[in-house]
Amino acid sequence: MEQMSVPKNKSFLPKRRQELLKWNGWGYKDSKFVKKSNGEFGFLGNRYPIGGGEELPLFRQWVQTELGIDTSRLEEAVPEPAERDYPPPNVQPEFLAALTEAGLSHSVAGDDRLWRSHGHTMHEIFALRRGELPPLVDLVVWPECHSDVERLVRLAAEHGVALIPYGGGTSVTGALLRPDAERRTVASVDTSQMARVLSISAANLTARCEAGIIGQDLERLLQAQGYTCGHEPDSYEFSSLGGWVATRASGMKKNTYGNMEDLLVHVRLVTPRGVLERGNEAPRISAGPDLHQLVLGSEGTLGIITEVTVKIRPVPPVRRHGGLMFPDFVSGVRFMREVAAQRRQPASVRLMDNEQFKFGQALKTPSGSFGWIKTGLQKAYITRWKGFDLNKVCIVTLMFEGTEEEVSAHEARLLQLATAHGGFSIGEENGKRGYMLTFVIAYIRDLGFEFQMLSESFETSMPWDRCLTVCDSVKRRVRQECSDRGVSDVFITCRVTQTYDAGAVVYFYFAFCYKNVADPVQVYEDVEAAARDEIIRCGGSISHHHGVGKIRQRWMRQTVSAPGLGVLRATKQYLDPDNVFACGNLYGQLPALPESKL
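Per my numbering, the sequence shown starts with residue 578, numbered consecutively.
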């Protein structure tokens, strides 16, 4: 059968997300790190392997030693605001009436508006925990199909209403913040109810989907039919397909399945000028510049993505994890470069530095859910027999997918490469722990807030010959900037998460204790800006997959030449001349082009 229909999906996200997710933190309400009555820490909930409330006996010592945190001092977050605490919306009655007549579900409730008025940068969540509300959108609209979006965009243009697309809400670039200067009615367009897989083509190995579908729902529906998309970003549980396209997203298994630009077959974008799309779903068209590239990375500035056709593959019969240990970070990077040069990457290969090795060890549980070294015998083997220094070692986590024959051959070849670079296998279970650590690490930040610790991640890509320089220089710059500001308890770590023929991707994690810091958020943002300057100075990029949003606009002129910025501006002016999509992302603060230049 050419087109396979898929049962209608109800998004795991309810319209009122506050029923399931935290209003001022990451993830599910029932999942979090907590301090127990005996002073030790544990992780509540059963959604992750580390859950169940099992104690983490090494974690308290780690945060005290590495971050100087007094775990006896708890800083409680303020309660969730009541409806009376929200500023009133600025909405024309005529617009509300038009939405009702068009059958478009909408809300002006304060908590619905708050949920769609922020993303997940440290600044945004820190402010919420202190009771500081961001500038709120005036209403939320929930379209349920492509034609709903067309009606909504038309009505917004007619009534002078600004629109901000909203998918999973996981942005870490300030992309969802309402621009301060915007005085029009602003509506957040929540696409979460556009969550269907419309059809699957077994012949073409493609799936046509509504753009609001969340990653975990997409995979659940595809795998029920024997297929997978394979796109698995760190935010996979909560981010949307449309958001992946809008930010040019990358996933942990991009080596096998590709980034979003590789997975994308067709996309529909509703703009004030009409629907931007290609005329067919051919795999490649030589008809001028690729229109898909206008949509990929557009960050909500041009319109609303409504439907996306992506490549899919049969679910692989074997999925296996692996782990490797290297004597130091330099050896690990050389191994990663050799793997990329030989094009031997498994579905996922990630290198963690020594700081992350120690952090993972701090999450060791009595049952063995986490922690790299389980027994004294293992430790003795590493330190005495192999001669490794635990203050220098680094870890590589692997995921293999394919047939048993393919996976076994791939494992053997990578072990040969690891041995040539001084590494050895630490087993499948360690690889699995390292992979799953990605999904729980975001919950650590919320715990840190309770003990006067700020933390955030930022990423970049660079040519291979700049990789070690970027890692070393950024760590050194962060420590120096913190020292200059009187911040002494600093944690800065990195991991190489993606490899390409010509370069690599590095994720940095940065945290500090702010107990004696007057304006910790400003200090953090100043230090991170200095780190970004250092990244670019050393040959790194403005971003690899998080996008630009509002917080990275200052580096756009160093990233794109003046004529390139002119193209972006001209595209925006043509597709959205009245700035209906007024989110202000990407190039929002760049001066408009003179008419003579258009």
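Glycine included, each C-beta is placed from N, C-alpha and C at the ideal position.
- In the three-state scheme derived from DSSP, where H, G and I count as helix and E and B as strand, F936 is classed as helix.
- Under DSSP, P742 forms a beta bridge with V766.
- Minimum Cα-Cα distance from T747 among the listed residues E632, P810, S908 and D1110 corresponds to P810.
- Collapsing the DSSP output to three states places P1097 in a helix.
- With contacts defined by Cβ atoms closer than 7 Å, N1162 and A752 form a contacting pair.
- The three-state reading of DSSP puts G953 in helix, counting H, G and I together.
- By the C-beta criterion, the region 723 to 736 is judged not to be in contact with the region 792 to 806, since fewer than 3 inter-stretch pairs fall below 8 Å.
- Assigned with DSSP and collapsed to three states, K599 falls in coil, not helix or strand.
- Looking at the DSSP output, P943 bridges to nothing.
- The three-state reading of DSSP puts P893 in coil, since its state is none of H, G, I, E or B.
- The alpha carbon of E1102 has as its nearest neighbour, out of T698, E884 and R650, the alpha carbon of T698.
- Residue pairing from DSSP places A1081 in a beta bridge opposite M1039 and T1076.
- When C-beta atoms of the region 911 to 918 are compared with those of the region 1071 to 1082, three or more pairs fall below 8 Å, so the two segments count as touching.
- Taking all protein chains shown into account, A989 has fewer than 16 neighbouring C-beta atoms within 10 Å of its C-beta and is therefore exposed.
- Taking a C-beta distance under 7 Å as the contact criterion, Y813 and G792 qualify as a contact pair.
- Of the residues assessed, N615 falls on the exposed side of the cut-off, its CB having fewer than 16 other CB atoms within 10 angstroms.
- For R785, the enclosing beta strand (DSSP E) begins and ends at T783 to E787.
- Taking the C-beta atoms as reference points, M1030 is found nearer than 7 Å to I646.
- The alpha-carbon separation between E643 and L782 amounts to approximately 49 Å.
- Excluding its 5 nearest sequence neighbours in each direction, L992 has C-beta neighbours in its own chain below 7 Å: S1002, listed in chain order.
- K888 has T783 as its beta-bridge partners, per DSSP.
- In this structure A1095 is exposed. Its beta-carbon is surrounded by fewer than 16 other beta-carbon atoms within 10 angstroms.
- Sequence-distant partners of P891 (beyond 5 residues in either direction) whose C-beta falls short of 7 Å from its own C-beta, in its chain, are G803 and Y804.
- Judged by DSSP in its simplified three-state form, K613 adopts coil rather than helix or strand.
- When only Cα atoms are considered, R785 and G602 end up about 32 Å apart.
- Note that the region 860 to 874 does not touch the region 955 to 968; fewer than 3 beta-carbon pairs, one per stretch, sit closer than 8 Å.
- Judged by beta-carbon spacing, H843 lies within the 7 Å limit of E858, meaning their Cβ atoms are closer than that value.
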